[in-house]
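Asks:
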Ligand code: 13P
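Residue numbers (this note's numbering): 5 to 262.
1) I'd like to check one pair, residue 122 with residue 84: are the Cβ atoms closer than 8 angstroms?
2) Could you give the distance in angstroms between the alpha-carbon of residue 242 and the alpha-carbon of residue 26?
3) With a threshold of 7 angstroms on Cβ separation, who are the neighbours of residue 118 within its own chain once the five nearest residues in sequence on each side are excluded?
4) According to DSSP, is residue 238 helix, strand or coil?
5) Is it the case that the CB of residue 238 approaches a heavy atom of the ligand 13P more closely than 7 angstroms?
6) Would you report the Cα separation of residue 140 and residue 114, rounded to the nearest angstrom?
7) Which residue from 47, 61, 44 puts its Cα closest to that of residue 38?
8) Are there any heavy atoms of the ligand 13P lying less than 7 angstroms away from the beta-carbon of residue 17, as far as the coordinates show?
9) If you count every other CB in all the chains shown that lies within 10 Å of the CB of residue 78, and 16 or more means buried, which is it?
10) So does residue 99 have its beta carbon nearer than 7 angstroms to some heavy atom of the ligand 13P?
11) Would you mind working out which of 151, 175, 41, 223 sits nearest residue 63, comparing C-alpha positions?
12) State the Cα-Cα distance for the pair residue 128 and residue 105, rounded to the nearest angstrom.
13) Does at least one heavy atom of the ligand 13P sit under 7 angstroms from the Cβ of residue 216?
14) For residue 148, tell me which candidate among 194, 90, 182, 185 has the shortest Cα-Cα distance.
15) Residues in the same chain with beta-carbon distance under 6 angstroms from residue 210, minus the five sequence neighbours each way, listed in chain order, please.
16) Taking the straight line between their C-alpha atoms, what separation do you get for residue 142 and residue 28?
17) Going along the chain, which unbroken runs of the alpha helix (DSSP H) with 4 or more residues stay wholly within the segment 13-81?
18) Is residue 176 near the ligand 13P, in the sense that its beta carbon is under 7 angstroms from a heavy atom of that ligand?
19) Which residue comes first and which comes last in the beta strand (DSSP E) that contains residue 126?
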């Protein structure tokens with residue numbers, strides 16, 4: 005059975021004082037939660053602070069993005085090597101906000117994915133369709149294309165060392181969560197795509213769901229056979245919500261297949 009993973013994505017939120025308060029509230033409670041893995045993906049300027057706070061804790065550190073280039077004249081860029089120096093285990097690549105607001109193409113995301121791997125971290129690859137794409141019936145086409153760009157650049161074996169996060173764009177920050185059945189259907193599709201090339205690897209790769217996951221809906225989502233945890237935005241900024249979501253992952257019994 006794949007281990008469950010819950011990763012908080014703080015997005016562009018936080019302050020030195022606020023981060024400390026959030027971690028002070030969340031970490032003692034999470035220390036006693038067994039049966040799932042946890043991470044927080046924080047803004048670059050707070051990596052050092054949160055690295056320090058997570059010392060000796062079971063919560064891992066992640067970045068929210070990396071530059072696709074190794075280093076040099078890329079003003080404002082932050083390389084994979086740099087975030088690795090702060091003890092990041094994970095780095096998110098291809099979040100829909102990066103794709104839509106900052107113009108990350110499938111090819112750029114594939115370069116970022118490769119850079120994260122190159123520096124010994126685990127990429128959390130986000131894929132997902134917009135509402136128009138869902139209503140146009142092309143959800144599977146879109147997520148397959150996003151996945152394929154990675155396989156083309158890094159090979160199928162690389163996916164075995166990554167985490168996939170299915171995040172329907174219409175569910176992000178909207179309060180409109182995908183139903184457990186909608187999530188399961190896309191997760192199963194993604195796993196089938198991988199299985200077509202490497203069945204063993206398909207069985208291993210964790211596929212998280214992201215998009216308006218809350219304490220109140222986490223357990224139903226995590227109970228689905230191919231939902232291996234969550235990538236949590238807004239609710240990861242509220243200690244009690246995040247703790248409850250982490251507990252839901254730890255207590256998830258599985259396995260509802262549709
Ligand atoms: P919300 O949980 O705020 O909908 O955000 C999801 C997300 O984008 C996580 O990466």
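Positions of the beta carbon are idealized from the N, C-alpha and C atoms, including for glycine.
Replies: Per the coordinate set shown:
1) Cβ distance < 8 angstroms, so residue 84 and residue 122 count as in contact.
2) 7 angstroms
3) The answer, listed in chain order, is 157, 158.
4) helix
5) Checking every heavy atom of the ligand 13P against the Cβ of residue 238, one is found closer than 7 angstroms.
6) Taking the straight line from one Cα to the other gives about 25 angstroms.
7) 61
8) Not so, every heavy atom of the ligand 13P lies at least 7 angstroms from the Cβ.
9) Exposed, since its Cβ has fewer than 16 Cβ neighbours within 10 Å.
10) yes
11) 41
12) 19 angstroms
13) yes
14) 194
15) Residues 6, 9, 167, 232 of the same chain have their beta carbon placed closer than 6 angstroms to that of residue 210, with the five preceding and five following residues left out of the count.
16) 43 angstroms
17) 20-34, 51-58
18) yes
19) 126-131
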